[in-house]
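Participant: What follows is a structure written as structure tokens; I'll ask about it next.
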Amino acid sequence: MKKIKITLGIGILSLGFLACNNVSHHKQEVTSLAKAFEGKFLIGAALNSAQILGEDTAALKLVASQFNSIVAENSMKSEVLQPQAGVFDFTESDKLVELGQKNKAFVVGHNLVWHSQAPAWFFVDKEGNDVSRDTLIERMKNHIHEVVGRYRGKIKGWDVVNEALNEDGSLRKSKFYHIIGPEYIELAFQFAHEADQDAELYYNDYNMYKPEKRKGAVHLIENLKAKGLRVDAIGMQAHYGLNKDLTKEIEESIMAFANTGVKVMITELDVSVLPFPAEEITAEVSQSYQNKPEYNPYVEAVPDSIQKALADYYANLFKVYLKHNDKISRITFWGVNDSQTWRNYWPIEGRTDYPLLFDRNNQPKPVYNTLIYLAKN
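Going left to right, the sequence shown walks through residues -19 to -1, 1 to 358 as mature numbering (1 follows the signal peptide of the UniProt record, and there is no 0) numbers them.
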């Protein structure tokens, strides 16, 4: 793994790691991620249902003290908001917005159009056959207008379309694509802007460091902008793992996306410390593998060496993010603490992963102090 350069004769990462290891002997300065990176970019977290509904009070204290942006992990996906045609459930999304207002946090809506976690009824008629093009467009329009319109002026930015690209940069042949055609993407952005003309609109996808997917995303954004549609930022999902240093490719993508005239957001950030059961790490939710002991090596605790490796990896990422902070508007971690991370059940159910900055007891890990140090220096 590529190590961060040493400055002033002292390793940045080592300092951060040692500072955390010595926490019991030396009183640590009380700070927060949001304050540390203030003026550079927003620092966000994805919240699960227990946190949104106020049940996980310990995690909520962390959210209030550490983050200045929030997003729902699952509570605003279409299968949750509109489980039946015309029947909306805003219970959790309303609570998310209330929490954002209470904490004075930038609330992101995730997401409006996604082929996955959409209700089955959305694409079929009463007989189970695919609906017509006009019907699906009308359903998409109604859903977007209802959801975005409800939170007009309260939710400041929306992931309008999520994961529409294949790994080679071509458009994914989803139900939206098959029934409506490639123009479903521009229609989604059009409908979102109609519902709230002041809201920021984003495109969000994973593996955006890949040259082929990067090229496809650039083409997508340029095409939308050429048609006069509002696009404020592109979200680079950041589901990574310790086995591969991607900082060079990530930096190249940040610069390429910024050159289209939009901001870049680092979304869904987590770094798995566990072996990935396939050659290439991805975030395709349909992937699933059998649990084996070699894929779940840290059931009881994570070794110090892995904590250090995690701190190194995050530091390398944030060194790039800080270098390009003029292009990046927000960095959002996909979860508050290790107990809630989706990496515990994807792509293998029942594992014990440690991909975030706070442990299962909401305590900061060595990586936390490393990032605070980088922000201040």
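Glycine is no exception: its CB is placed at the ideal position from the N, C-alpha and C atoms.
1) Is H220 closer than 9 Å to D186 when the C-beta atoms are compared?
2) Quick check on the DSSP output: what are the complete alpha helix (DSSP H) runs of length 4 or more inside the region 98 to 130, in order along the chain?
3) Per DSSP, what are the beta-bridge partners of M57 in this structure?
4) Per DSSP, what are the beta-bridge partners of N143 in this structure?
5) Which word fits L80, buried or exposed, when buried means at least 16 other C-beta atoms lie within 10 angstroms of its C-beta?
6) With H, G and I counted as helix, E and B as strand and the rest as coil, what does DSSP make of H174?
7) Buried or exposed, going by whether 16 or more other CB atoms sit within 10 Å of the CB of A66?
8) If I measure Cβ to Cβ from S155 and keep anything under 8 Å in the same chain, skipping five residues before and after, which residues do I get?
9) Roughly how many angstroms lie between the CA atoms of E54 and G316, to the nearest whole one?
10) Take N188 as the anchor and find which of D285, Q218, D307 has the nearest alpha-carbon.
11) Just checking my contact of I202 with T241 at CB under 8 Å: how many whole Å lie between their CB atoms?
12) Could you check if N358 is buried or exposed, using at least 16 other CB atoms within 10 Å of its CB as the buried criterion?
13) Here's the rule I'm using: 16 or more other beta-carbon atoms within 10 Å means buried, otherwise exposed. How should P163 be labelled?
14) In whole angstroms, what is the alpha-carbon distance linking S30 and G138?
15) Which stretch, first to last residue, makes up the beta strand (DSSP E) that contains Q288?
16) Going by the DSSP bridge assignment, what does P345 pair with across the sheet?
17) Please state the DSSP three-state secondary structure of Q268.
18) So S253 is in the beta strand (DSSP E); what residue range does that whole segment cover?
19) Would you mind listing the alpha helix (DSSP H) stretches within the region 11 to 56 that are 4+ residues and don't spill past its ends, in chain order?
Facilitator: Reading it off the structure:
1) Mapped onto the sequence shown, residue 186 falls at position 205. Mapped onto the sequence shown, residue 220 falls at position 239. In this structure, H220 does not lie closer than 9 Å to D186 by Cβ.
2) none
3) Here residue 57 refers to the residue found at position 76 when the sequence shown is read from its first residue. According to DSSP, which records beta bridges pairwise, M57 is partnered with nothing at all.
4) Translated into positions along the sequence shown, residue 143 becomes position 162. Answer is N185.
5) Position 99 of the sequence shown holds residue 80. With 16 or more other Cβ atoms within 10 Å, it is buried.
6) Residue 174 sits at position 193 when you count from the first residue of the sequence shown. Helix.
7) Locating residue 66 in the sequence shown gives position 85, where the first residue counts as 1. Looking at its Cβ environment, which holds fewer than 16 other Cβ atoms inside 10 Å, A66 is exposed.
8) The residue given as residue 155 occupies position 174 in the sequence shown. Cβ neighbours of S155 beyond the five flanking positions: H96, A145.
9) Residue 54 sits at position 73 when you count from the first residue of the sequence shown. Residue 316 sits at position 335 when you count from the first residue of the sequence shown. Near 8 Å, if we compare the C-alpha coordinates of G316 and E54.
10) Here residue 188 refers to the residue found at position 207 of the sequence shown. It is Q218 whose Cα lies nearest to the Cα of N188.
11) Working through the sequence shown from its first residue, we reach residue 202 at position 221. Working through the sequence shown from its first residue, we reach residue 241 at position 260. 5 Å between Cβ atoms; contact.
12) Along the sequence shown, one-based indexing puts residue 358 at 377. So N358 ends up on the exposed side.
13) Translated into positions along the sequence shown, residue 163 becomes position 182. P163 should be labelled exposed.
14) As a first step, residue 30 must be located in the sequence shown, where it is residue number 49. As a first step, residue 138 must be located in the sequence shown, where it is residue number 157. Rounded to the nearest angstrom, the two C-alpha atoms are 20 Å apart.
15) Reading the sequence shown from its first residue, position 307 is the one you call residue 288. Run containing Q288: none in the beta strand (DSSP E); it sits in the alpha helix (DSSP H), 285 to 304.
16) Residue mapping note: residue 345 aligns to position 364 of the sequence shown, counting from 1. Answer by DSSP bridge pairing, in chain order: F339.
17) Position 287 of the sequence shown, counted from the first residue, corresponds to residue 268. Coil, per DSSP.
18) Taking the sequence shown and counting its residues from 1, the one referred to as residue 253 is at position 272. S253 -> beta strand (DSSP E) spans 244 to 253.
19) 14 to 17, 30 to 33, 38 to 47
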